[in-house]
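Asks: Each residue of the sequence shown is one higher than the one before, counting from 231 in the numbering used here.
Mind having a look at this structure? Questions to follow.
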Amino acid sequence: MGQALARAAQWTSAKGGSGGKLEFTKLNEDLLNSVMTWLEGFGAKYPEELKLVFKSALTWKTSLRPDKLQGGFQEKGEDVVSSQTSEKDGTPMLTLHKTGSNEYSVSIMSLEFCENVLRMAGDQKLMEVRSCLEANRDPGAKMLGDRFATVEGDDNSIYRFIEEITKEMEQLAKTEGADHKDIEEKKLQLKLQLQINRLDQQLLQESIQQITRDVRLTPAMVDGEVNILKQLSGRDEEKHVLESIDFWGDRYVFKNGCRAQPWRQLHGDICYIEAKPHDGDLIFVTANTSGYFCNSGPNNAGELNYTKQGDSYRELVTLLKEKSPKFAEMIENQEFALKAKDKDDAMAVQKIEKVDRDDDDYREKHMEKSYGREQTKDSSKEKSKTQKKTKKLEPSTRWKALGLEEYKEDDKDKDKKLATKKKQAPSRLRTKTPTDAEDSFSESSSESEEEEEAVERRSETNADLPSEYWQIQKLVKYLKGGNQTATIIALCSMRDFNLAQETCQLAIRDVGGLEVLINLLDTEEIKCKIGSLKILKEISRNIQIRRAIADLGGLQTMVKILRDMDKDLKCLAAETIANVAKFRRARRTVRQHGGIKKLVGLLDCPPLGQMTTELKKDVQVARCGAQALWSCSKSKKNKEAMRKAGAIPLLARLLKSTHEDMLIPVVGTLQECASEPSYRLAIRTEGMIEDLVKNLKSADPELQMHCASAIFKCAEEKETRDLVRQYGGLDPLVALLQMSENKELLAAATGAIWKCAISTENVKRFQDLKAIDLLVGLLNNQPEEVLVNVVGALGELAKETPNRQQIRKAGGISPLVNLLTGTNQALLVNVTKAVGQCAEEQENMIIIDRLDGVRLLWSLLKNQNPDVQASAAWAICPCIENAKDAGEMVRSFVGGLELIVSLLKSDHKEVLASVCAAIANIAKDEENLAVITDHGVVPMLARLTNTYGKTTQKTDDKLRRHLAEAIARCCNWGNNRVAFGREGAVAPLVRYLKSSDENVHRSTARALFQLSKHPENCITMHEAGVVQPLMKMVGSNDEELQEAAAGCIGNIRRLALANEKARYS
231 MGQALARAAQ
241 WTSAKGGSGG
251 KLEFTKLNED
261 LLNSVMTWLE
271 GFGAKYPEEL
281 KLVFKSALTW
291 KTSLRPDKLQ
301 GGFQEKGEDV
311 VSSQTSEKDG
321 TPMLTLHKTG
331 SNEYSVSIMS
341 LEFCENVLRM
351 AGDQKLMEVR
361 SCLEANRDPG
371 AKMLGDRFAT
381 VEGDDNSIYR
391 FIEEITKEME
401 QLAKTEGADH
411 KDIEEKKLQL
421 KLQLQINRLD
431 QQLLQESIQQ
441 ITRDVRLTPA
451 MVDGEVNILK
461 QLSGRDEEKH
471 VLESIDFWGD
481 RYVFKNGCRA
491 QPWRQLHGDI
501 CYIEAKPHDG
511 DLIFVTANTS
521 GYFCNSGPNN
531 AGELNYTKQG
541 DSYRELVTLL
551 KEKSPKFAEM
561 IENQEFALKA
571 KDKDDAMAVQ
581 KIEKVDRDDD
591 DYREKHMEKS
601 YGREQTKDSS
611 KEKSKTQKKT
621 KKLEPSTRWK
631 ALGLEEYKED
641 DKDKDKKLAT
651 KKKQAPSRLR
661 TKTPTDAEDS
671 FSESSSESEE
681 EEEAVERRSE
691 TNADLPSEYW
701 QIQKLVKYLK
711 GGNQTATIIA
721 LCSMRDFNLA
731 QETCQLAIRD
741 VGGLEVLINL
751 LDTEEIKCKI
761 GSLKILKEIS
771 RNIQIRRAIA
781 DLGGLQTMVK
791 ILRDMDKDLK
801 CLAAETIANV
811 AKFRRARRTV
821 RQHGGIKKLV
831 GLLDCPPLGQ
841 MTTELKKDVQ
851 VARCGAQALW
861 SCSKSKKNKE
871 AMRKAGAIPL
881 LARLLKSTHE
891 DMLIPVVGTL
901 QECASEPSYR
911 LAIRTEGMIE
921 DLVKNLKSAD
931 PELQMHCASA
941 IFKCAEEKET
951 RDLVRQYGGL
961 DPLVALLQMS
971 ENKELLAAAT
981 GAIWKCAIST
991 ENVKRFQDLK
1001 AIDLLVGLLN
1011 NQPEEVLVNV
1021 VGALGELAKE
1031 TPNRQQIRKA
1041 GGISPLVNLL
1051 TGTNQALLVN
1061 VTKAVGQCAE
1071 EQENMIIIDR
1081 LDGVRLLWSL
1091 LKNQNPDVQA
1101 SAAWAICPCI
1111 ENAKDAGEMV
1121 RSFVGGLELI
1131 VSLLKSDHKE
1141 VLASVCAAIA
1151 NIAKDEENLA
1161 VITDHGVVPM
1171 LARLTNTYGK
1181 TTQKTDDKLR
1191 RHLAEAIARC
1201 CNWGNNRVAF
1211 GREGAVAPLV
1221 RYLKSSDENV
1231 HRSTARALFQ
1241 LSKHPENCIT
1251 MHEAGVVQPL
1261 MKMVGSNDEE
1271 LQEAAAGCIG
1281 NIRRLALANE
1291 KARYS
């Protein structure tokens, strides 16, 4: 431990004659946590070494106070010492010494008492470890003696100590009846020193790993690697290491050099890269401050899935070597290694990239300067003149890689014209979409709005653009000025380019090609329309292109084409609408111009019998229509428009198709619409549950995911849950839990299991399928959207006693408690419910208490989310009921009782009900009842009884039940009964007897019975008419209700008899 503190820990400089302090850094925090974990688990593994008495005490300033030392301690003047002392000299094993006003230091003589100090410190135990190590820089020397002090260089103290023990053992072996006590003590010292050395090595190793991980990427480093690889990329497999590499997404660069969105920069993302190797598909890479790693790439909507795939790498080249054998082979080629050799060349490239690329003369001057630098460097290396001339006449391979030789042509006006067109482009994009104020906020609240305000982030320079950019712009000019034949040829030529590349897409937009393509849709020539739509379909995957199409009125024209007789045209128009309708305004435009009804009409295809050529076209039209409706269905008003247009029966018919490419958009549309109750009812009544269950068994993961997601949303109703079970849907859902690599599928499957587990009949089937073991296995290393559903499912399953036991046997309690420290609100709500259900078992409660789970639950009462507060309070109730020493446990939480009483001021009725239930359990302990009484629980509870019947805070039966129970429990202390009567709580309670819930009757009768022990309350009850309803309850089948009602009537009657007796005596 001394080596780690001396070499790895980070210390402040010494001031005022005292030693430095441990800095508050991540490295130090990890070291302290490791030491604390070692100390807390030491006693269980090494009980003998735990009791070994130190050579000298470890002393440090402590936050402990005398009132925390209970059992086995006695006062000695102003100090508090342990009754247990050292056998050698009688020194107390623990001494709490007062050093000043409310300041104390603690001295310990064994690791056993060190454990006790940490246990008594509670939340402050990490600070205790910090103070101890700051005051004892070499704890091993104090614990075992100076011979084990930390030294520089080789430390042979252990070997010398082993030799000493061996010699003593040999001598004692020769002497009969000798005392072996000293030898045994030295053996313990040796074992303890070995454990300390092992901890030292562990701490040093962890520190090295931490320091290694802290080498972070910067935007400048990323740009440098990408720029170098760009120069080495091209289509020639024999000369270039990659086919292409570029930054993914918009090209805007923030002031800090990052290209990622600000909300992703919070996660450490710098930018995103797409690389196309010669021997594989596109590779999408995230450049993070922690390193490079592959992400999941863009989805169908063109939005990047940021989920990490595989390991992180320090260099981009290393990652690409792992992914592409061809790249690994080419990058090792000596020819490319030479290109990165000259530092001055790299500087020249960076400088030239900064200048205005429109000025060819300026660029040539810089090229001449860079060549001059090369010559100077060569001469400094004493190379021959022949070599100089060769290098001067032959451009560097870096300039070849950049393609700058293309700019030697005399077309100097080309860049200026392009710049002019770029500046004029925004003025051309005038929206043709009418803005309806009433429709402005018509979309569903769950919609993503990141595309609505997409920002133009193109770089101002264009000298590094590929040749395809200029060639496409030439083709657009032919589109503008050519005849019909030239137009068709230009469209066909344009489709030969890779329109999936952003450069090609933006080249069409920048030169005004979008306006031409949209205008072609208004012509009568079908071939021109088809060619134009095919191009628009491809390029509309780009966010900026989508917005531009909507601004230019392209959606209105495409909606008109949906009425065309040509089926190919209708397919292409629907597919393009599906791509464009990814943001709110586009979806609203489609609806306002009658597009929803036309798209629904495309779903009406003949029965799927023998597939003829004509029927195949009809099926293709229906598939494209479903795809467009899927995009449009993210709007609440669009969902309603689809329902009114008759989409549900048509979707139900298409759902019986055997073609997976048809089923995916159909099921995707259904699961999107299933958030609406009307659709859930229709899905159930139209018999679609059976088809969804059948498709769960499909081999296509995407189809399985959408089916599971639809069941997840539809299973809110009991009838749907029963249908899923009847059609055998529970088995495939559990089987999908093994698809742990596909996170989207896993989230959908666990969500469906969660909702289906609400029904008791389904729980029994899940028990047979051993779903609990699989769910517990998913509690670690999963994204939050999966964890929310997994924990929700476990919470529902834990309502059954055998399942609570199974969760414990599967090791699920510990990860559940660990999740209580998270920040995701939905996850916290579910995990508190699950922990509360598990706490119903006493064996589970022992584990929860040991893991400090109750303290974590109590801390969640401070959460700002009322759902989390309510769920935590409900979970605390069974914890208090099943804890061994519940009263002492509750009192140990500093400020805990005051906190829970303060929640009675909440406006959320679920919070109030749960807090009342918790107070009813807390009040079972007399000391705790006295404390909450001092915190003003009585007037707060009384105030809640008076809210009944008010429109601002109407209490329901759940609140009435637990409120009455809390009042009944609180009556058992001091003058609380009198206080409740004085606060006006009695008469409102009488009205609770009018409820139809028997649980409310039982708790209210208990409260009235307790309150009736005070004469004034009896009079108030009698005046409020309590006798008649209580008389009926005396005849109830519930014995507790009978007894409480009879007791209350008895107290009222005895008071009446006493009054009569006093009157006539």
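Beta carbons are placed, not taken as given, at the ideal position from N, Cα and C, and that holds for glycine.
Remember, it's a predicted structure, so these values are computed and weren't measured experimentally.
1. Provide the residue span of the beta strand (DSSP E) that contains residue 719, from first to last.
2. Do you know offhand how far residue 1043's Cα is from residue 1066's?
3. Expressed to the nearest angstrom, what Euclidean distance is found between the alpha-carbon atoms of residue 943 and residue 989?
4. Rank 774, 722, 759 by C-alpha distance to the C-alpha of residue 792 and give the top, closest one.
5. Measuring only the C-alpha atoms, how far is residue 278 from residue 1078?
6. Going residue by residue through the segment 1080-1105, where are the continuous alpha helix (DSSP H) segments of at least 4 residues, counting only ones entirely within it?
7. Looking at the secondary structure, which residues open and close the beta strand (DSSP E) in which residue 1225 lies?
8. Please confirm if the segment 444-456 is in contact with the segment 544-564, defined as three or more CB-CB distances below 8 Å between the two stretches.
9. Buried or exposed: residue 272, going by 16 or more other Cβ atoms within 10 Å of its Cβ?
10. Are the CB atoms of residue 884 and residue 856 within a distance shorter than 8 Å?
11. Is residue 1047 near residue 1081, with beta carbons less than 8 Å apart?
12. Buried or exposed: where does residue 1072 fall if 16 or more other Cβ atoms within 10 Å of its Cβ makes it buried?
13. Can you give me the C-alpha to C-alpha distance between residue 274 and residue 538, rounded to a whole angstrom?
14. Three-state secondary structure (DSSP) at residue 711?
15. Is the separation between the beta-carbon of residue 882 and that of residue 918 shorter than 8 Å?
16. Do you know whose CA, among 965, 835, 941, lies nearest residue 954's CA?
17. So, for residue 802: in the same chain, excluding its five sequence neighbours on each side, which residues have a beta-carbon less than 7 Å away from its beta-carbon?
18. Might you give, ordered along the chain, the residues of its own chain that have their beta carbon closer than 8 Å to the beta carbon of residue 520, omitting 5 neighbours on each side?
19. Leaving out five residues before and five after residue 315 in sequence, what residues of the same chain have Cβ atoms less than 7 Å from its Cβ?
20. Between the C-alpha atoms of residue 782 and residue 932, what's the straight-line distance to the nearest angstrom?
21. What's the C-alpha gap between residue 1022 and residue 1014?
22. Can you tell me where the beta strand (DSSP E) with residue 524 in it begins and where it stops?
23. Apart from the five residues on each side of it in sequence, which residues of its chain come closer than 8 Å, Cβ to Cβ, to residue 714?
24. Name the DSSP beta bridge partners of residue 823, please?
25. I need the boundaries of the beta strand (DSSP E) containing residue 501, first residue and last residue.
26. Grouping DSSP H, G and I as helix and E and B as strand, with all else coil, what is residue 1250?
27. So is residue 690 buried or exposed if we call it buried at 16+ other beta carbons inside 10 Å?
28. Here's the rule I'm using: 16 or more other beta-carbon atoms within 10 Å means buried, otherwise exposed. How should residue 254 be labelled?
29. Are the beta-carbon atoms of residue 797 and residue 830 separated by less than 8 Å?
30. In the DSSP assignment, what are the bridge partners of residue 539?
31. Between which two residues does the alpha helix (DSSP H) holding residue 558 run?
32. Flag this pair as yes or no: are the beta carbons of residue 720 and residue 705 separated by less than 8 Å?
33. Give the secondary structure of residue 304 by DSSP, where H, G and I count as helix, E and B as strand, and everything else as coil.
34. Does DSSP put residue 1053 in a helix, in a strand, or in coil?
35. In three-state terms, what does DSSP make of residue 1073?
36. Which partner residues does residue 315 have in the DSSP bridge list?
Replies: In brief:
1. Run containing residue 719: none in the beta strand (DSSP E); it sits in the alpha helix (DSSP H), 714-725.
2. 11 Å
3. 15 Å
4. 759
5. 28 Å
6. 1083-1089, all fully within the segment 1080-1105.
7. It is not in any beta strand (DSSP E) - residue 1225 carries neither H nor E in the DSSP assignment.
8. Touching, yes, given that three or more Cβ pairs across the two stretches are closer than 8 Å.
9. buried
10. In contact: residue 856 and residue 884 (Cβ atoms closer than 8 Å).
11. yes
12. exposed
13. Answer to the nearest angstrom: the Cα atoms are 39 Å apart.
14. helix
15. yes
16. 941
17. Taking C-beta separations shorter than 7 Å and ignoring five residues to either side along the sequence, the partners of residue 802 in its chain run 760, 763, 764, 767, following chain order.
18. 443, 446, 447, 498, 542
19. 321, 322, 323
20. 34 Å
21. Whole-angstrom Cα-Cα distance: 12 Å.
22. Per DSSP, the continuous beta strand (DSSP E) segment holding residue 524 begins and ends at 521-528.
23. Correct list, in chain order: 755, 758.
24. Answer is none; residue 823 lacks a bridge partner.
25. 499-506
26. helix
27. Low local confidence applies: a pLDDT of 41 at residue 690 is under 50, so the model's placement there is unreliable, and no value is given.
28. exposed
29. no
30. 524, per the DSSP bridge assignment.
31. 555-561
32. Contact annotation: residue 720 and residue 705 have beta-carbon atoms nearer than 8 Å.
33. For residue 304, the three-state secondary structure derived from DSSP is strand.
34. coil
35. helix
36. Beta-bridge pairing links residue 315 to 322.
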